[in-house]
Amino acid sequence: MQKNISDIRNEYSKASLDEKDIGDSPIDFFKIWFDQAVHSEVTEPTAMTLATVRKDGMPDARIVLLKGIENEGFQFYTNYASAKGKELDSNPNACLVFFWAELERQVRVRGKISKVSRKSSEDYFHSRPFASQIGALASSQSDPVADRSILDKHYEELKLKYEGKTVPLPENWGGYILEASEIEFWQGRRSRLHDRILFRKESGSWAKTRLQP
């Protein structure tokens, strides 16, 4: 018998979050939580939901992978001509959400996104496995395709063409960095009285506030 969706729930009790333990730097604390997620063997600890806004005002979201933290920025790489790339061109404001279910933790990051340097994109692109480089070259991300076989055929042609050679970085492929203006840490607690600590950048420094769940 199928379980009623409204009856599916979990009681969170693994940890707590106190202001005195979190410090004054949300980036430093994020790194602590991120390292714990990695060492706890969380499934896809780098996975984060990227939320953007289309030109028609409709929100859009998808999962991307964190590929670096520089100063107060969160980096990821993608096709600039994809749906997300076009949305970021028209509105660079975005939000990232990390959810580490095994640790009963969530982090929300809001800020403005810009492109990383071409050199940074090249360095990262050529650090990827050969198959992933070819995949990026083969796919016009978010564009329609009549049949899967067309994509597979193009991939195999490029694979043969560049076997043993340097795969060129596609002109429309590279990195973004989200410079954080708000970071919220969420720790699940019993009775849905979760801990929420919000950092908001004000005049170049971080202000810390506890939010009700």
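Whatever position you read off the sequence shown (first residue = 1), add 109 for this note's numbering.
Each residue gets a CB set at the ideal place from its N, CA and C atoms; glycine is no exception.
Classify residue i as helix, strand or coil using the three-state DSSP reduction.
| i | result |
| --- | --- |
| residue 240 | helix |
| residue 302 | coil |
| residue 248 | coil |
| residue 153 | coil |
| residue 213 | coil |
| residue 159 | strand |
| residue 124 | coil |
| residue 145 | helix |
| residue 169 | strand |
| residue 320 | strand |
| residue 269 | helix |
| residue 309 | strand |
| residue 164 | coil |
Quick check on this structure: which residue in the options has the alpha carbon closest to the alpha carbon of residue i?
| i | options | result |
| --- | --- | --- |
| residue 214 | 115, 111, 113, 123 | 123 |
| residue 251 | 262, 281, 220 | 281 |
| residue 239 | 132, 273, 299 | 273 |
| residue 306 | 319, 315, 141, 312 | 319 |
| residue 223 | 271, 267, 262, 284 | 284 |
| residue 279 | 265, 191, 147 | 191 |
| residue 299 | 271, 220, 126, 219 | 126 |
| residue 119 | 313, 312, 301 | 301 |
| residue 141 | 157, 264, 216 | 216 |
Kindly list the residues whose CB is nearer than 8 Å to the CB of residue i, restricted to its own chain and excluding five residues on each side of it in sequence; keep chain order.
| i | result |
| --- | --- |
| residue 260 | 247, 248, 254 |
| residue 303 | 121, 295, 296, 297, 322 |
| residue 275 | 235 |
| residue 160 | 168, 169, 170, 203, 204, 205, 206 |
| residue 136 | 178, 180, 181, 289, 292 |
| residue 176 | 155, 184, 185, 186, 233, 284 |
| residue 134 | 315 |
Please list, in chain order, all residues of the same chain as residue i whose beta carbon is under 6 Å from its beta carbon, the five residues on each side excluded.
| i | result |
| --- | --- |
| residue 242 | 276 |
| residue 164 | 199 |
For my contact list, residue i and residue j are in at a C-beta cut-off of 8 Å; report their separation, rounded to the angstrom.
| i | j | result |
| --- | --- | --- |
| residue 200 | residue 162 | 5 Å |
| residue 317 | residue 128 | 7 Å |
| residue 197 | residue 149 | That pair is no contact at about 32 Å. |
| residue 195 | residue 187 | Not a contact, Cβ separation roughly 11 Å. |
| residue 218 | residue 286 | About 12 Å; that fails the 8 Å criterion. |
Below 7 Å CB to CB, which residues in the same chain sit around residue i once its five sequence neighbours on both sides are set aside?
| i | result |
| --- | --- |
| residue 244 | 264 |
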